[in-house]
DNA sequence: CGCCTCATTGAATTTCGTCAAATGTGGTGG
DNA sequence: CCACCACATTTGACGAAATTCAATGAGGCG
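Protein chains in written order, with full-length UniProt numbering: chain U, 1 to 225; chain Z, 1 to 225.
Okay, structure coming up:
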């Protein structure tokens, strides 16, 4: 919590969203730009040495931390276009898994180090990604610290809807357990809350309850805060 | 939640801790390098235009977000040496107040913009500060999402102890309400938990209950997780 | 000295978690 | 193609933790 990471090259868990990261050149040589992961496959684990950071091409990734007794907190889901895996130190503080079959582009951590010495737009992009990650973290702290179960689920669905950009149909690639560990709830509470939102006519659950149609967007927004 | 802040110059709420930010040159001209704030005085408000970012010289600062009904989440307390006030967009997403009488050094937001174009060590420092802020945010999300009241208070005290560096005596410059809004609890729960820790012989409360002596550090660490 | 704020303490309530069971779904193999 | 199995999700009953409501106590300031 207070290591002298100083001016070390670095990079934390973050996501870029609509930030233009297209100019990031994949490192083709040593890393193999593209890497595929199957559903539930580990991308890296807490404690691993930091070598790469990643951009999601397709699929979905969760980054998380664990307590010694197994409690898990998923700090974020990373969808296509998002950057994650930036880390301050040389060692992973979070783990990352593919939620479903996923394709990533890997960048060498050193590309990041070189950044600050260049006039590159790359630096701008990565910095922007970091700042966006921090904004999301702030939003999520508000959610975890001050919102009710219903508000948490509503916020989550709204955030997914915005990110996916899909008007109407929201895909839920992750399990109820993943959602619960993201929202600071139990799977039962997530399930109950979704059921209740459905009964209230705010949403409709479809396709084995793995996707959601928002039927009353204003109501959903009102539930959020 | 998804504005195209793109490559805009930017800066989020963060703290630097032990990161060497000494080289930051205070902007003496327009901003007046040093600024003093009284206890409870507002430094900036949500929605304000972003002009400066700050380093704490003395005192303590809280940065927070509000929900429309008044619920508040304090995302961090900033102590001497910490940098805060970096923001992604041009508008404040968080508010900031002095908790007690406080002295800050103000830097122009533009200094940050210039950063990425230079080979400056300044860039390194600010990037390091951002990454540290993200690490703290991750720790705090774990706390808010998965820890009990007792664990939250224990974590909080431990974090304060580490940051202050004062072995033994921990000053609590902030009110119970501030602590509660940081830990996602009510003031009553904070108070009850402190009292219980005291009864258990883990800590001793002193000086109008505004400072704490850790009497059983191992026990406190065990409570944390 | 008395007011005002902050902190503590107590009792009742609520929300969410825990434990348990039923339902549903997909996959596997006969 | 169908039966069975493993697992995820839902639902229900109950319990625990934290909040809410309310009152008391302790200092600081005028």
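Every residue, glycine too, gets a C-beta built ideally from N, C-alpha and C.
Strictly below 9 angstroms CB to CB, what residues from chain U border residue 168 (chain Z)? Within chain U, no residue comes near residue 168 (chain Z); the closest Cβ sits about 17 angstroms away, beyond 9 angstroms.
Quick one, which of Z:144, Z:225, Z:47, Z:103 has its alpha-carbon nearest residue 55 (chain Z)'s? Restricting attention to Z:144, Z:225, Z:47, Z:103, the CA atom closest to the CA of residue 55 (chain Z) is found in Z:103.
Note down, in chain order, all residues in the UniProt domain "Cyclic nucleotide-binding" (35 to 85) of chain Z with a beta-carbon under 8 angstroms from any beta-carbon belonging to chain U. 65, 67, 68, 69, 71, 72, 73, 75
Near-chain Z residues of the stretch 84 to 100 of chain U - C-beta to any C-beta below 9 angstroms: 86, 87, 88, 89, 93, 94
With a cut-off of 9 angstroms, does the C-beta of residue 141 (chain U) fall near any C-beta of chain Z? yes
Let me see if you follow: with CB-CB separation under 9 angstroms, is residue 188 (chain Z) close to chain U or not? Judged by the 9 angstroms Cβ criterion, residue 188 (chain Z) is not in contact with chain U.
Residue 155 (chain U) classed as buried or exposed, judged by whether at least 16 other C-beta atoms fall within 10 angstroms: buried
With C-beta atoms as the reference, is residue 179 (chain Z) less than 9 angstroms away from residue 172 (chain Z)? yes
Taking residue 145 (chain Z) as the query, report the chain U residues whose CB atoms sit under 7 angstroms from its CB, ordered along the chain. Those within 7 angstroms of residue 145 (chain Z) in chain U are 73, 144, 184.
Test item: CB-CB of residue 87 (chain U) and residue 131 (chain Z) under 9 angstroms: Going by beta carbons, residue 87 (chain U) and residue 131 (chain Z) fall inside the 9 angstroms limit.
Count the C-beta pairs between the stretch 138 to 147 of chain U and the stretch 44 to 60 of chain U that are closer than 8 angstroms, then say yes if the count reaches three, no if not. Verdict: no, contact absent.
Helix, strand or coil at residue 76 (chain U) [DSSP, three-state]: Residue state, collapsed to three classes: strand.
Who are residue 203 (chain U)'s beta bridge partners in DSSP? U:214
Residue 170 (chain U) bridges to which residues according to DSSP? U:212
Range covered by the beta strand (DSSP E) that runs through residue 98 (chain U): From DSSP, the beta strand (DSSP E) with residue 98 (chain U) extends over 95 to 98.
Please give me, in chain order, every unbroken run of the alpha helix (DSSP H) with length at least 4 that falls completely inside the stretch 26 to 72 of chain U. none
Classify residue 49 (chain U): buried if its beta carbon has 16 or more other beta carbons within 10 angstroms, exposed otherwise. exposed
Between the Cα of residue 201 (chain Z) and those of Z:106, Z:188, Z:61, Z:220, spot the shortest distance and give me the residue it belongs to. Nearest option by C-alpha distance: Z:220.
Does residue 198 (chain Z) get closer than 9 angstroms to chain U when you measure Cβ to Cβ? no
Proximity of residue 193 (chain U) and residue 150 (chain U) at Cβ, strictly below 9 angstroms: Contact: yes.
Could you compute how far the alpha carbon of residue 101 (chain Z) sits from the alpha carbon of residue 59 (chain Z)? 6 angstroms
Measure from the C-beta of residue 208 (chain U) to each C-beta in chain Z and report whether the shortest distance is under 9 angstroms. no
Determine the direct distance from the alpha carbon of residue 44 (chain U) to that of residue 74 (chain U), and round the result to whole angstroms. 14 angstroms
For residue 106 (chain Z), write down the residues that DSSP places opposite it in a beta bridge. BP columns for residue 106 (chain Z) point to Z:54.
Residue 186 (chain U) by DSSP, collapsed to three states: which one? coil
Taking the alpha-carbon of residue 166 (chain U) as reference, which of U:108, U:214, U:38, U:61 has the nearest alpha-carbon? When C-alpha distances from residue 166 (chain U) are compared across U:108, U:214, U:38, U:61, the shortest belongs to U:214.
Classify residue 177 (chain Z): buried if its beta carbon has 16 or more other beta carbons within 10 angstroms, exposed otherwise. exposed
Can you list, in chain order, the residues of its chain with a C-beta nearer than 7 angstroms to that of residue 105 (chain U)? Leave out the 5 residues immediately preceding and following it. 26, 33, 34, 54, 55, 57
Thinking just about the alpha-carbon of each residue, which of U:181, U:210, U:182, U:134 is nearest to the one in residue 195 (chain U)? U:210
Expressed to the nearest angstrom, what Euclidean distance is found between the alpha-carbon atoms of residue 162 (chain U) and residue 62 (chain U)? 18 angstroms
How many Å lie between residue 144 (chain Z) and residue 153 (chain Z) at the Cα? 11 angstroms
Are the CB atoms of residue 66 (chain U) and residue 95 (chain U) nearer to each other than 9 angstroms? A contact, by the Cβ cut-off of 9 angstroms.
Please look up how many angstroms separate the CB atoms of residue 41 (chain Z) and residue 97 (chain Z), rounded, as I've assumed it's under 8 angstroms. About 7 angstroms; that satisfies the 8 angstroms criterion.
Residue of Z:99, Z:225, Z:185, Z:90 minimising C-alpha distance to residue 80 (chain Z): Z:99
Taking all protein chains shown into account, do 16 or more other C-beta atoms lie within 10 angstroms of the C-beta of residue 70 (chain Z), making it buried, or fewer, making it exposed? Classification of residue 70 (chain Z): exposed, given that the 10 Å Cβ count is below 16.
Residue 82 (chain U), DSSP secondary structure in three states: coil
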